[in-house]
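Those protein sequence lines, which keep their order, are chains A and B.
Quick note, in this note's numbering, the first sequence goes up one by one and the last residue is 310.
Quick note, in this note's numbering, the second sequence goes up one by one and the last residue is 346.
Beta carbons are placed, not taken as given, at the ideal position from N, Cα and C, and that holds for glycine.
The structure appears right after this line, and notes come after that.
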Amino acid sequence: MARFVLKRLLYMLVTLFIITSFTFFLMKLLPGSPFNNEEKLTDQQKFILNEKYGLNDPVPVQYFNYMSNLAKGDLGVSFQYDNRPVSTMITERIGPSAVLGIEATIIGTIIGLILGIAAALKHNTSIDYLSSLIAVLGISIPSFVFAGVLQYYVGVKLEWLPVALWDGPKYHVLPALSLSVFVIATVARFMRTEMLEVLGQDYITTAKSKGLSNLVVIWKHTIRNAMIPVVTILGPLAINLITGTLIIEKIFAVPGLGFQFVSSIQLNDYPVIMATTIFYSVCFIIVILIVDILYGVIDPRIRVAGGKG
Amino acid sequence: MKNILELKNVNVSFHTFAGEVKAVRGVNLHLEKGESLAIVGESGSGKSVTSKSIMRLLPEKTSEIKEGEILFEGRDLTKISNREMEKIRGSEISMIFQDPMTSLNPTMTVGKQIMEGLRKHQNLSKSEAKERAVNLLKLVGIPNPELRISEYPHQFSGGMRQRVVIAIALACNPKVLIADEPTTALDVTIQAQILDLMRDLQQKTGTAIILITHDLGVVANLSQRVAVMYGGTIVETGTTDEVFYNPKHPYTWGLLSSMPKLNSGDKELMAIPGTPPNLLNPPKGCPFAARCPYAMQVCVDHMPDVTDVTSTHKSACWLLDERAPQVEPPEAALVGGAR
């Protein structure tokens, strides 16, 4: 197991190097410079600024400098926000985004699993149809619509929960809920299909023929086997949430990372773009790694293949 | 009463979009303590449905035991509650399935799968159940049972998995074991091993076996009595010798004729022409009439009564009626009986 993780971490470094390089050159292909948008900068002032940040060097030299700084763990400073270190900018902003993402994943997975399992067990009944309806709505209606509806009814009309801002647990409920709708829908749909598939398997008949009660058959034999494929989609789903909070963050005025990322691209704030990309990539790779490990925990066939490797 | 299991006029139907499919129509069977009964027939003849209805393992929503009694030690299994049925399943009556590759849970160790039934039915502690599971694996001939007990099904070969399935079925010393085509999915050499094992185990444990198969060779190997099923009904039943050496029903003749023989040389294998009846709309007469070379008008119009050939040998065919013409079975069927 340790060897498996170590091997994966090595791959992770290679992947990160490639992503960083690609992003760097793609970013340089973008038109404009960090200081074009500033009002009334003379050409000389711009030249001095460019010189200060090493932007007058040829791109390969800039690339080499950036990568060697990165290797030392230096992510650089923001061009736009008074030379603040990019690492602090990210650590300050990541909290709300991560919390929101995790909350939405947990809520979404739990409700999704329950809906999916219920739908499969009550196949072709009104419970099944209701669950399918929720799934279709959740997938086809964008999260910001739910956000608006929740804000209006729960926040403004009923005044149960705050409409926006980020100031304690009460403020988490609405954005996390609106984010989780997509997760609920995806997980429910997936789980339903997998449950139906597993329920038709021969080993379920074997389990029943042992005289186990329905509850035990479903809990110990069906759900675990149905979960295996569902775990694989959880990783990408979680990532979508962490990165996809942008709109929700904006609607609920949550001071998160997504909002900062987009504005940095608009402003050509190179170090922030690079650092945020690297940060997201690391998150993504780690989540995929965790999913792979989880997959092995649930499915012994994979554990053996990985364990001997 | 010697009969441990008795089926009286059992009718099973499936409700489909096309209508009611009468898969089993008036089956009468009995199983004595410790004996081995084979149910033979082609695909769709209702043999698996009959066995699953004994275990009440048919899909609840789409199937129904319309009529009849399934008496296990005098208790009608069609009438008892689900909870009581759970107590019987796996402990009194258990089942072996056709395909060992799919009938074990891939995410649970073999040991746990054997122990589950033991712990439920016999209230054993974990260590007692484990000890028993090791012994069971030893009994079914799996080497290194202490190690293999904590392995997963994918680490076993097909034949070894079927041994595990048998161990699961035998875990609680059931009085009746239903084996639904236990060797169909296995290699021929492994088939022989599994059959040997089952015969051996039957002698050791005294479990009564219902063997469901379409392989007459397997029947000859393992069973004392045979019931031949066709179109959801039993057309002939008797001791293995009676059915093999003195078959009375033209369908049994067909079955025996279509078995390959060692001395048949280059002769083409016999086949029964035609297809089995559609049980969505079963014929009112004999189900085999449409394919039977000896069919008379009465066969099409009326279901034949069961005629006793001997006290153990019964056949449902109009040819056995005293008014029917005398018909001799084809030679191929007789040679087939001679093995």
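Below-9 Å beta-carbon distance, residue i vs any chain A residue
i, result
"B:Arg-170", "no"
"B:Arg-96", "yes"
"B:Gly-352", "As shown, chain B starts at 8 and ends at 346. That puts residue 352 of chain B outside it, with no answer to give."
"B:Gln-120", "yes"
"B:Leu-109", "A quick correction: the sequence has Thr, not Leu, at residue 109 of chain B. Answer yes: the Cβ-Cβ gap between B:Thr-109 and chain A drops below 9 Å somewhere."
"B:Ile-175", "yes"
"B:Ala-140", "no"
"B:Lys-54", "no"
"B:Ala-89", "The residue asked about is misnamed: residue 89 of chain B is Asn in this sequence, not Ala. B:Asn-89 counts as touching chain A."
"B:Ala-178", "yes"
Bridge partner(s) assigned by DSSP for residue i
i, result
"B:Met-102", "B:Ile-185"
"B:Asp-203", "Beta-bridge pairing links B:Asp-203 to no other residue."
"B:Thr-244", "B:Ala-234 and B:Lys-321"
"B:Glu-74", "B:Asn-18"
"B:Phe-79", "B:Leu-12 and B:Arg-82"
"A:His-222", "In DSSP, A:His-222 forms no bridge with anything."
"B:Leu-44", "B:Ile-217 and B:Arg-232"
"B:Leu-143", "Looking at the DSSP assignment, B:Leu-143 forms no beta bridge with any residue, so it has no partner."
"A:Pro-86", "A:Val-78"
"B:Gly-26", "B:Thr-23"
Residue i Cβ short of 8 Å to the ligand ZN heavy atom set
i, result
"B:Phe-295", "In terms of ligand content, the structure shown is empty, and the ligand ZN therefore cannot be addressed."
Under 9 Å between C-beta atoms of residue i and residue j
i, j, result
"B:Pro-351", "B:Leu-193", "Nothing can be reported for residue 351 of chain B: it is not among the residues displayed for chain B, which extend from 8 to 346."
"A:Phe-80", "A:Phe-36", "yes"
"B:Thr-85", "B:Phe-21", "no"
"A:Ile-112", "A:Ile-185", "yes"
"B:Ser-55", "A:Ser-210", "no"
"A:Val-255", "A:Trp-161", "no"
"B:Leu-326", "B:Lys-255", "yes"
"B:Lys-15", "B:Ile-77", "yes"
"A:Leu-242", "A:Leu-101", "yes"
"B:Gly-238", "B:Pro-294", "yes"
"A:Ala-276", "A:Gly-77", "yes"
"B:Leu-125", "B:Ala-140", "yes"
"B:Ile-217", "B:Ser-43", "yes"
"B:Val-47", "B:Met-205", "no"
"B:Ile-61", "B:Ile-185", "yes"
"B:Gln-200", "B:Pro-160", "no"
"A:Ile-229", "A:Cys-284", "no"
"A:Val-217", "B:Lys-321", "no"
"A:Gln-63", "A:Lys-8", "no"
"A:Ala-148", "A:Pro-170", "no"
"B:Glu-74", "B:Leu-38", "no"
"B:Asp-203", "B:Ile-103", "no"
"A:Val-188", "A:Ile-234", "yes"
"A:Ser-181", "A:Gly-109", "yes"
"B:Leu-262", "B:Thr-212", "no"
Residue-level contact to chain B via CB, residue i, 9 Å cutoff
i, result
"A:Asn-215", "yes"
"A:Tyr-204", "yes"
"A:Arg-225", "yes"
"A:Ile-279", "no"
"A:Thr-194", "no"
"A:Ile-219", "no"
"A:Lys-309", "With a pLDDT of only 37 at A:Lys-309, under the threshold of 50, the placement of this residue in the model should not be trusted, and no figure is reported."
"A:Ile-19", "no"
"A:Tyr-296", "no"
"A:Ile-229", "yes"
Chain-ordered neighbours of residue i on chain B, where CB pairs are closer than 7 Å
i, result
"A:Pro-319", "Since the first residue shown for chain A is 2 and the last is 310, residue 319 of chain A is missing from the structure and cannot be characterised."
Contacts of residue i in chain A (Cβ-Cβ under 8 Å)
i, result
"B:Glu-356", "Here chain B covers residues 8 to 346 and nothing more, so residue 356 of chain B does not appear."
Interface residues of chain A facing residue i [CB-CB closer than 9 Å]
i, result
"B:Ser-101", "Ser-210, Lys-211 and Gly-212"
Neighbouring residues, chain A, relative to residue i (Cβ below 7 Å)
i, result
"B:Leu-64", "Thr-206, Lys-209 and Ser-210"
"B:Asp-106", "Asp-203"
* Could you please tell me which residues of the stretch 104 to 138 of chain A, in chain order, have their CB closer than 9 Å to any CB of chain B? => His-124 and Asn-125
* For the stretch 172 to 191 of chain A, enumerate the residues whose C-beta is nearer than 7 Å to any C-beta of chain B, in chain order. => none
* Could you please tell me which residues of the stretch 120 to 136 of chain B, in chain order, have their CB closer than 7 Å to any CB of chain A? => Glu-123, Gly-124, Lys-127 and His-128
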